[in-house]
Each structure stands twice: as structure tokens, then as C-alpha cells.
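Under the working numbering, the sequence shown has 310 at position 122, and the numbering climbs by one with no breaks.
Backbone N, C-alpha and C fix where the C-beta goes; we use that ideal spot for every residue, glycine too.
One structure is given below, encoded as C-alpha cells.
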Amino acid sequence: MAIDSGRRLSHNCWMQQLHHAMIAATPHSCAAEILEVVPAVMRFIRTEMRRYRGPDLSVPQFRSLVFLSSSPGVSLTILAEFLGLSLPATSRLVEGLVRRSLVDRRIPPGNRRSVSLSVSAHGRKIICSARRATERRLEDVMAALPTEDCVAIQRALRALRKRFCQ
């Protein structure tokens, strides 16, 4: 245990820091930290994904591809709700993506009024390329952290995944 020049226990002791961190880790403090940090991380990710989306894709078009890649087969209405656009505007956006072979549009049998949307193989390539480039940028940021912080971040993310990704 470290002792300062005044013979008092130093507050720099690792165990004391751990103890203080554990005391401060309440559900309220965790919720506050998540609300503060996650939006900043998401801004970084969105900025990087947009940077690598390709110059010929607008942000709404790229957001559509990403959404459709995680929700294949959704309707035009659901995509419009996600984008916050009207049905006619979303229909025009999708038409452009279909013409460029980035999205597949299908009419399900027995329901001619419905349209099922999915990302094409070409669209997936664009998303994968942007994701790989963004992952490399995140890796650069994480490389500046001590190993213990990376371990703690992974542990925390696993706990969040169990709670939110079921």
C-alpha cells in the first residue's frame, strides 16, 4: 500500500480506486453514463460509415441499405417509418436503389399490394466495405487505450448484449 510523505494512506492505491468505482457503479450511474457515452460513439460510427459509403450514395440511401441488411423482407411502409419519410419519397428512394441493383424488390405471392425489400449482393458489398473501414478506425481509437480498459469495455458490451440483443 502506498504511503504519502505525511504518513497517511494514499488515495492512489489501486484497490481503493477499484472500491470507489464499485461503489459508484449504481444502476442510475450506469444509465447516466450510457446516455452520455453511447450517442458520442454512435456519432463517430455514423460519421465513419458515411465517409466510406461511396460518393454516389446519399445518407438516406445508405441508411436504407443498412436498415434493409438487418431487416430483410420489410415493407416500404416500415422503411419509410424508419427513415422518417413519406411513402412517396421512400418509394422514389427505393426505385433509385433498385435501378442501381442495390436493393431487390419483390411482391409476395397472394398480396399484390405489398412489397418486400432486401439488400442485393451488390448492396451488401458496399455495406461490408464501409463497415470494415469503420471497424479499422474504431480499432485505431481502441489501440490508444490500455489493455485493461479494452477488457472492461468488452465485458460491459457483453453484459449489454445479453440484456438488449435478445
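Assigned secondary structure, S289 (DSSP; H/G/I helix, E/B strand, else coil): The count along the sequence shown starts at 1 and reaches residue 289 at position 101. Residue state, collapsed to three classes: coil.
Endpoints, beta strand (DSSP E) assigned at V307: Taking the first residue of the sequence shown as 1, we reach residue 307 at position 119. Where V307 is concerned, the enclosing beta strand (DSSP E) stretches over 304-307.
For R239 and V247, believed in contact at Cβ under 8 Å, the rounded distance: Start at 1 with the first residue of the sequence shown, and residue 247 comes out as number 59. Start at 1 with the first residue of the sequence shown, and residue 239 comes out as number 51. Wrong, their Cβ atoms sit about 11 Å apart, outside the cutoff.
Backbone secondary structure at R349 - three-state DSSP: Taking the sequence shown and counting its residues from 1, one reaches residue 349 at position 161. The answer is helix: DSSP assigns R349 an H, G or I state.
Three-state secondary structure assigned by DSSP to R301: For the purposes of this step, residue 301 is taken as residue 113 along the sequence shown, with counting starting at 1. Coil, per DSSP.
Contact the segment 319-329 vs the segment 261-270: 3+ CB pairs below 8 Å: As far as the Cβ criterion goes, the segment 319-329 does not touch the segment 261-270, which means the pair count is below three.
Delimiting residues of the alpha helix (DSSP H) encompassing S257: Counted from its first residue, the sequence shown places residue 257 at position 69. Boundaries of the alpha helix (DSSP H) around S257: 247-258.
From Q354, F352, A344, residue whose alpha carbon lies closest to that of C218: The count along the sequence shown starts at 1 and reaches residue 218 at position 30. Among Q354, F352, A344, the Cα nearest to that of C218 belongs to A344.
Element boundaries [alpha helix (DSSP H), containing R231]: The residue given as residue 231 occupies position 43 in the sequence shown. 215-239 is the extent of the alpha helix (DSSP H) around R231.
Residue interval of the alpha helix (DSSP H) (run including A332): The count along the sequence shown starts at 1 and reaches residue 332 at position 144. It is not in any alpha helix (DSSP H) - A332 carries neither H nor E in the DSSP assignment.
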